[in-house]
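Visitor:
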Amino acid sequence: MAEVQLGEGDPSHELYAELLPVYQCVNNFLRDTSCTADDTAATLTDASQWSQKTLEVYCWDLGWIWVSKILEIPALHPLLKRLIQLLYAIQKRPAPRGEDSDFWFCLPRFFGQLNELNSWRGLYDCVVDDPKDLYTAGEWASVNSFQSLWYNDQPLPVACEDVEGYSFFSPHPQHGLGMLRTALEITPKHVSLNQVVPAAAVWIVNAGRKFHERCRLNKDLGADRISRRPYQVPDEFYKGEDTYNLDRWKFWKSRFGELQNDETLEESTRQWAARAYTAM
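As structure tokens, then:
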């Protein structure tokens, strides 16, 4: 597996010097397998890390550092799983003095960046004010790979997942459903298939069994229904029930099969479609 080039933040940023030790701590964990998740989590949650700022600001800074690491790691690289291990280790840490006992467990509430990345950066076929804000296809695939790996790693059986109880504290299939819909069920108007197909494919490659189980159980979308709201388009390819169902699963597989042979797409896009088709 190719070595990943890990950055240490933007030197021009006014808080660069302050955040550099945190960047270096996370980078050391990712680079050195002898660094344990528990030891790194203890360092990151030590009160000295936020001595010059509020704890809430520190958590938001940590969230942005997390996002920057995700964007640097290729979609199927094992370092994404290592980053998830570190998040779990942080969530187990004792709470800072004066905070609720589950403070670190609830840390992902400060990772709203993860929950909003796709829509902020135009991935759900929304208009983005500045084209420079659009992520590359590789970055989008990395974001969705992290989310899908995190979702797939949750111990709760699919049959018991509460799709109505959307939480910032845990990953959610809503993001995957939105990606699959954008890439497979409509004609995107603001992004290209070369941008969205890889990001949709990683959900099937990483968490396809869970999505198939949802479809087998014919689960209602519940809170996931929000994934259809941005799309008021007449040229939808998928005309079936707006639930998780096996007909929808078969449609997704058929579309990936078509896309893997679509010579108007980039070779890397066709390869992602083929990976997803094979996984299904």
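Heads up: the sequence shown begins at 15 in this note's numbering, then just goes up one per residue. For glycine and all other residues, C-beta sits at the position ideal for the given N, C-alpha and C. Note that the structure is predicted; figures quoted are calculated from it, not measured.
Distance, Cα to Cα, valine 71 vs leucine 191?
Guide: Straight-line Cα distance between these residues: approximately 31 Å.
Visitor: Out of Glu280, Trp263 and Trp80, which one is the CA nearest neighbour of tyrosine 291?
Guide: Residue Trp263 is the option with its Cα nearest to tyrosine 291.
Visitor: Would asparagine 158 pass as a contact of tryptophan 217 if the rule is Cβ separation under 8 Å?
Guide: It is a contact, given that the beta carbons lie within the stated cut-off.
Visitor: Label histidine 27 either buried or exposed according to how many other C-beta atoms from any shown protein chain fall within 10 Å of its C-beta, with 16 as the threshold for buried.
Guide: When all chains shown are included, histidine 27 counts as exposed.
Visitor: Report buried or exposed for glutamine 38, applying the criterion of at least 16 other Cβ atoms within 10 angstroms of its Cβ.
Guide: Under this definition glutamine 38 is an exposed residue.
Visitor: The ligand GTP heavy atoms versus the CB of leucine 44: any closer than 7 Å?
Guide: This structure does not include the ligand GTP; it has no bound ligands of any sort.
Visitor: If phenylalanine 43 and leucine 100 are in contact, beta carbons under 8 Å, what's the gap, nearest whole angstrom?
Guide: Between leucine 100 and phenylalanine 43 the Cβ distance is about 6 Å, and since that is below 8 Å, they are a contact.
Visitor: Out of curiosity, what's the CA-to-CA distance linking aspartate 46 and cysteine 73?
Guide: Going by the C-alpha atoms only, they are around 24 Å apart.
Visitor: Any idea what DSSP makes of aspartate 46, helix, strand or coil?
Guide: The answer is coil: DSSP assigns aspartate 46 none of H, G, I, E or B.
Visitor: Of the choices Glu277, Trp154 and Ile200, whose alpha-carbon is the least far from that of lysine 83?
Guide: When each option's Cα is compared against that of lysine 83, the closest is Trp154.
Visitor: Tell me whether the beta-carbon of alanine 293 lies closer than 8 Å to the beta-carbon of proline 212.
Guide: No, the Cβ-Cβ distance between alanine 293 and proline 212 is not below 8 Å.
Visitor: For glycine 23, is the classification buried or exposed, using 16 other Cβ atoms within 10 angstroms of its Cβ as the cut-off for buried?
Guide: Buried, because 16 or more other Cβ atoms sit within 10 Å of the Cβ of glycine 23.
Visitor: Quick one: give me the first and last residue of the alpha helix (DSSP H) that phenylalanine 160 is part of.
Guide: Start and end: 151-166.
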